[in-house]
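Asker: Quick one: structure below, then a few questions.
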Amino acid sequence: FAWVPGIIWLLAKTSFFMFLYLWIRATFPRFRYDQIMRLSWKVFLPRTIAWIFVVALMTQLKIGPWF
């Protein structure tokens, strides 16, 4: 897209992502505070702790992208 000036291209992309953000926000229902807390405690926290153990194990066994 070399024929489009930089500022026009920036404004077009910014407008597109603003529209996309507003569209997604208006389409999906909002979560209540208790739903977010339940999701955090019962889904995100256990997965995070499990992932920390997986990474620690991979580091100890010297496998993965670090070696």
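Sequential numbering from 841 applies to the sequence shown in our numbering. Where is the CB? At the ideal position from N, CA and C, for every residue including glycine. Being a predicted model, the structure only gives us computed values, none of them experimental.
If I follow the unbroken alpha helix (DSSP H) through residue 855, where does it start and stop?
Answerer: 846-867
Asker: Taking DSSP as the reference, what is the three-state secondary structure of residue 887?
Answerer: helix
Asker: Just verifying my parser: in three-state terms, what is the DSSP assignment at residue 907?
Answerer: Residue 907 falls in the coil class under three-state DSSP.
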